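Notes for the one structure printed next.
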């Protein structure tokens, strides 16, 4: 079974600085998708960025980028120029493929990010 | 452009009561699912559906039932509420192919006393 591990329960960063959130996963599949979701205090789950495992190029979305290391099964999120609005819970998630029937998102336990002014 | 709509947003139940959490999406997504979120546990899959008439169990299905009579709706039924079911519940939907992320509803905070 696939597992996702976020080793940092909490992180903090100064406004305008850069922070990296760690995520590792375990799978025997070769084709899959990885995601980072943001959950602010409003409770809404917001998709931040996604990565397709067959693409070697790291995904970027404005100030958010990932470092995807497929062999190491690592998928870290870098937030540049941190803003107060980035403060939230961040979840790493792995999407299993439809083959085999049991399709789902597997989540890590989350990292709480605090942004200090 | 409603996306995924969950109702209610908050609910308090007494132990033993039953209720249905509603979920509807207007994006023609084949895949729909229910997750529960508990402190320090991330989100865990309860049940999911890959299309109308097809449902299957996730990681924590006990005490919950689902059905999928239409593409749009995927209600979650609590048969006999227990305090252990106090949680935040999320409905999510997606296309089956293409690896796009799931779209989540705004969640239901359920308290069982």
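Chains as they are written, first to last, in our numbering: chain A, 1 to 117; chain B, 1001 to 1113. We put the CB at the ideal spot given by N, CA and C, even for glycine. All values derive from a computational prediction rather than experimental measurement.
Remark: three or more beta-carbon pairs, one from each stretch, lie closer than 8 Å, so the stretch 1064 to 1082 of chain B and the stretch 1003 to 1020 of chain B are flagged as touching. When the Cα atoms are used, residue 1089(B) and residue 71(A) turn out to be separated by approximately 34 Å.
The stretch 11 to 27 of chain A and the stretch 69 to 86 of chain A touch, with no fewer than 3 CB-CB distances between them shorter than 8 Å. Interface flag for residue 1078(B) against chain A is unset, since no Cβ pair is found closer than 7 Å. Listed along chain A is no residue with a C-beta nearer than 9 Å to that of residue 1027(B); the closest approach is about 14 Å.
Per the coordinates, the alpha-carbon of residue 58(A) lies some 16 Å from the alpha-carbon of residue 94(A).
Within chain A, no C-beta atom comes nearer than 8 Å to that of residue 1032(B); the closest sits roughly 11 Å away. Pairwise C-beta distances place the stretch 1006 to 1013 of chain B out of contact with the stretch 1058 to 1072 of chain B, as fewer than three of them are shorter than 8 Å. Below the 8 Å Cβ cutoff, chain B contributes 1099 as neighbours of residue 52(A), in chain order. Residue contact check for residue 35(A) against chain B: a CB pair falls below 7 Å. When DSSP states are grouped into helix, strand and coil, residue 1084(B) belongs to the helix group.
Across the structure, residue 46(A) and residue 1038(B) are spaced so that their CA atoms are roughly 18 Å apart. C-alpha of residue 115(A) to C-alpha of residue 108(A): approximately 21 Å in a straight line.
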